[in-house]
Amino acid sequence: MFKGVLFDLDGVITDTAEYHYKAWKKLADDLGITIDRKFNESLKGVSREDSLRLILEYGEMTDQITDAQFQALATEKNDNYVVMIEEFSEADVFPGILPLLKALKQHKIKIALASASKNGPILLEKMHISDYFDAIVNPASVPNGKPAPDIFIAAAESINVPVTDCIGIEDSKAGIAAIKASGVLPIGVGQAADLGSDIALVDATDKLTFDYLTTVWASKQ
Ligand code: G6P
Ligand code: MG
Numbered sequence: 001m002f003k004g005v006l007f008d009l010d011g012v013i014t015d016t017a018e019y020h021y022k023a024w025k026k027l028a029d030d031l032g033i034t035i036d037r038k039f040n041e042s043l044k045g046v047s048r049e050d051s052l053r054l055i056l057e058y059g060e061m062t063d064q065i066t067d068a069q070f071q072a073l074a075t076e077k078n079d080n081y082v083v084m085i086e087e088f089s090e091a092d093v094f095p096g097i098l099p100l101l102k103a104l105k106q107h108k109i110k111i112a113l114a115s116a117s118k119n120g121p122i123l124l125e126k127m128h129i130s131d132y133f134d135a136i137v138n139p140a141s142v143p144n145g146k147p148a149p150d151i152f153i154a155a156a157e158s159i160n161v162p163v164t165d166c167i168g169i170e171d172s173k174a175g176i177a178a179i180k181a182s183g184v185l186p187i188g189v190g191q192a193a194d195l196g197s198d199i200a201l202v203d204a205t206d207k208l209t210f211d212y213l214t215t216v217w218a219s220k221q
C-alpha cells in the first residue's frame, strides 16, 4: 500500500492553471508574442522564470531583454496573477479533492505539496486546506525545477516516506516527467495526448477517489 501522496497544485487541486495561462497570455500579448493553449502545455509545471524564458525564446526576444527587464516582466506577470487569485476560497477546490484529502488522512497516508508555485502556501490558506498537508516543499529550495525530479524527491523526504511508496498527482507534461524520474508512481489529470498513454490518467479530479488510487497502486508492476 502507498504511504504518501505528493500533490501538484495548479490544475490538480484548483483551476489556477487557467489563471497562470491568462496572466502569461496578457504579458506575451503586451510584448507582441502570440501564445496559445498548445504552447501553454509546455509552460505548465514550469517555474515562473523558466516560463518567461520559454515565452521570450518563442517570440525570439531573448536577446532584447535585459536582466532588469526580465525581473520586471516576471514581477508584472505575478502581480496580475495575484489579483486573479485574490478572492479564492473553499469553493475553488476542484471536485473530489477534499474527499480525497479526508480519506487519505483517515487512512494515515502522508500528504505533501510538490508545486513549483511560490504562491502555493497562500493558495492552500485561501482554500482552507493547509491543515491537510504534512509538508509543503519550498520550490526555491530545490536546485532543478520540473521536469527534473528534485521537487518530488524533496516532497517524499519531507514526509519521511521512500519515493517508491508514494503516488504523485500531476496535470503537466513536465510534472509527469519529474514524477517518473523520481521513482514515484504517477497519476495524470488530463489527456493522453498531452501526458502520454503509459500512465494512469483521469480526465477530471472527481475521479481521484481513494479507491481509484488504491486500484492504480495495486496494478503497479
Ligand atoms: C506551477 C504552474 C506554473 C507556474 C509555476 C510557478 O508549476 O503550473 O504555471 O508558472 O507553478 O508559479 P508561481 O506562482 O511561483 O509564479
Ligand atoms: Mg499543475
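In the numbering used here, the protein residues as written are 1 to 221. Yeah, the Cβ is synthetic: ideal placement off N, Cα and C, and Gly gets one too.
Could you tell me which residues DSSP pairs with Ile205 in its beta bridges? The sequence as given places Thr at residue 205; Ile does not occur at that position. Partner(s): none; Thr205 has no beta bridge.
Please report the distance separating the alpha-carbon of Phe94 from that of Thr14. When rounded, the distance between both Cα atoms is 5 Å.
On the criterion of 16 or more Cβ atoms from any shown chain inside 10 Å, does Asn160 qualify as buried, or is it exposed? Burial call: exposed.
Go ahead and label Met1 buried or exposed: buried means 16 or more other beta carbons lie within 10 angstroms of its beta carbon, across all protein chains shown. Exposed, because fewer than 16 other Cβ atoms sit within 10 Å of the Cβ of Met1.
What do you reckon, is the C-beta of Ala177 under 8 Å from a heavy atom of ligand 2? Relative to ligand 2, Ala177 has its C-beta separated by 8 Å or more from all heavy atoms.
With a threshold of 8 Å (Cβ to nearest heavy atom), would Ala148 be considered close to ligand 3? This structure lacks ligand 3; its bound ligands are ligand 1 and ligand 2.
On a CA-only basis, which of Tyr58, Thr215 and Ala156 is nearest Lys38? Give me that one, please. Ranking the options by Cα distance to Lys38, first place goes to Tyr58.
Return the first residue and the last residue of the beta strand (DSSP E) that Gly96 is part of. That residue, Gly96, is in no beta strand (DSSP E); it is neither H nor E in DSSP.
Option in Tyr21, Gly188, His107 and Ala68 with minimal Cα separation from Tyr269: In the structure as shown, the chain starts at 1 and stops at 221, and residue 269 therefore has no counterpart that could be examined.
With distance defined between alpha-carbon atoms, name the residue in Phe7, Ala72, Gly45 and Glu49 nearest to Ile97. For the set Phe7, Ala72, Gly45 and Glu49, the Cα lying nearest the Cα of Ile97 is the one of Phe7.
Candidates Lys180, Glu157 and Ser158: which alpha carbon is nearest Gly168's? Nearest option by C-alpha distance: Lys180.
For Pro147, the nearest candidate out of Leu104, Asp134 and Leu195 (CA to CA): Distance from the Cα of Pro147 is smallest, within the candidate group Leu104, Asp134 and Leu195, for Leu195.
Below 8 Å on the Cβ atoms is my guess for Ala135 versus Phe210; work out the distance and round it to an integer in Å. Their Cβ separation, rounded to whole angstroms, is 20 Å, which puts Ala135 and Phe210 out of contact at 8 Å.
Span of the beta strand (DSSP E) around Ala112: Lys110 to Leu113 is the span of the beta strand (DSSP E), which, as asked, contains Ala112.
Hey, would you say the C-beta of Leu9 is under 8 Å away from at least one heavy atom of ligand 1? At least one heavy atom of ligand 1 is nearer than 8 Å to the Cβ of Leu9, so yes.
Are there any heavy atoms of ligand 2 lying less than 8 Å away from the beta-carbon of Ala17, as far as the coordinates show? Short note on Ala17: C-beta closer than 8 Å to some heavy atom of ligand 2.
Residue interval of the alpha helix (DSSP H) (run including Pro121): Boundaries of the alpha helix (DSSP H) around Pro121: Gly120 to Lys126.
Proximity to Thr164 [Cα-Cα], best of Lys173, Pro186 and Val137: Looking from the CA of Thr164, the closest CA among Lys173, Pro186 and Val137 belongs to Pro186.
Mapping the DSSP letters down to three states, classify Asp10 as helix, strand or coil. If DSSP states are grouped into helix, strand and coil, Asp10 belongs with the strands.
Given 8 Å as the limit, tell me if Ala112 has its C-beta closer than that to any heavy atom belonging to ligand 1. False, no ligand heavy atom lies under 8 Å from that Cβ.
DSSP on Ile167, reduced to helix/strand/coil? In this structure, Ile167 counts as strand in the three-state DSSP scheme.
Short Cβ contact (9 Å threshold) for Val5 with Lys110: Their beta carbons are under 9 Å apart, which means Val5 touches Lys110 by this criterion.
Regarding Phe44 and ligand 2, is the C-beta to nearest heavy atom distance less than 8 Å? In the sequence on display, residue 44 carries Lys and not Phe. Remark: the C-beta of Lys44 is in contact range of ligand 2, defined as less than 8 Å to any heavy atom.
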